[in-house]
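So this note's numbering is basically just the index in the sequence shown, starting at one, shifted up by 256. C-beta: ideal position from N, C-alpha, C; glycine also.
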Amino acid sequence: MEVCKNKRSNRYFIYIQNTGSGEVLLVTPEAQIKSLKSHLFEEIEEKEENYLIQSNLLSREQIQRLNDYKKNRSDEVVEHAIDMINELSPYDKKRLLEKLEKMIGDK
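In structure tokens:
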């Protein structure tokens with residue numbers, strides 16, 4: 257899990273992604289998703305989830321919030337894809353289905 261420590265509070269935040277303009281999207285110790293200035297944090301580190309919990313560096317609520325965020329994002333992607341598919345002609349839907357079947361068969 258990617259985490260970074262706040263330089264001032266020494267508390268750990270879960271890193272999600274860069275958002276641009278010198279900011280990063282994080283899960284705060286209060287289990288909130290926030291975009292904050294990256295200069296407020298030390299370098300991003302990769303640490304084991306169990307170690308972070310056992311060492312009281314992260315809370316279970318933070319990790320659950322990250323998992324909820326990821327699930328919601330994947331649900332949004334699927335819904336967006338369905339909306340786009342519904343705009344296709346019947347012929348294009350058939351072509352898409354054939355390509356998806358080939359992709360799945362290749363794995």
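Look up residue i in the DSSP assignment and give the residues it is bridged to.
i: Asn-274; result: Val-280
i: Leu-292; result: Val-280
i: Lys-261; result: Tyr-268
Using the C-alpha atoms, what's the distance from residue j back to residue i?
i: Pro-285; j: Tyr-307; result: 16 Å
i: Ser-330; j: Ala-337; result: 11 Å
i: Phe-269; j: Leu-353; result: 41 Å
i: Gly-361; j: Asn-266; result: 49 Å
i: Glu-300; j: Ser-277; result: Before going further, note that residue 300 is Ile rather than Glu in the sequence given. Distance between the alpha carbons of Ile-300 and Ser-277 is about 17 Å.
i: Val-333; j: Glu-305; result: 26 Å
i: Ile-309; j: Gln-273; result: 21 Å
i: Ala-287; j: Gln-320; result: 8 Å
i: Glu-335; j: Ile-341; result: 10 Å
i: Leu-296; j: Arg-264; result: 7 Å
i: Leu-356; j: Tyr-271; result: 32 Å
i: Arg-351; j: Asp-339; result: 17 Å
i: Glu-279; j: Asn-328; result: 22 Å
For my contact list, residue i and residue j are in at a C-beta cut-off of 8 Å; report their separation, rounded to the angstrom.
i: Glu-302; j: Glu-258; result: 6 Å
i: Glu-298; j: Lys-261; result: 5 Å
Verify the contact flag: residue i, CB atom, against every heavy atom of the ligand MG, threshold strictly below 7 Å.
i: Lys-358; result: Looking at this structure, you won't find the ligand MG or any other ligand, since it has none at all.
Segments assigned alpha helix (DSSP H), at least 4 residues, entirely inside the region 300-329
305-310
Counting beta carbon pairs with one atom in the region 313-322 and one in the region 332-348, are three or more of them shorter than 8 Å?
no
Does the contact criterion of 3 or more C-beta pairs under 8 Å hold for the region 320-330 versus the region 291-300?
no
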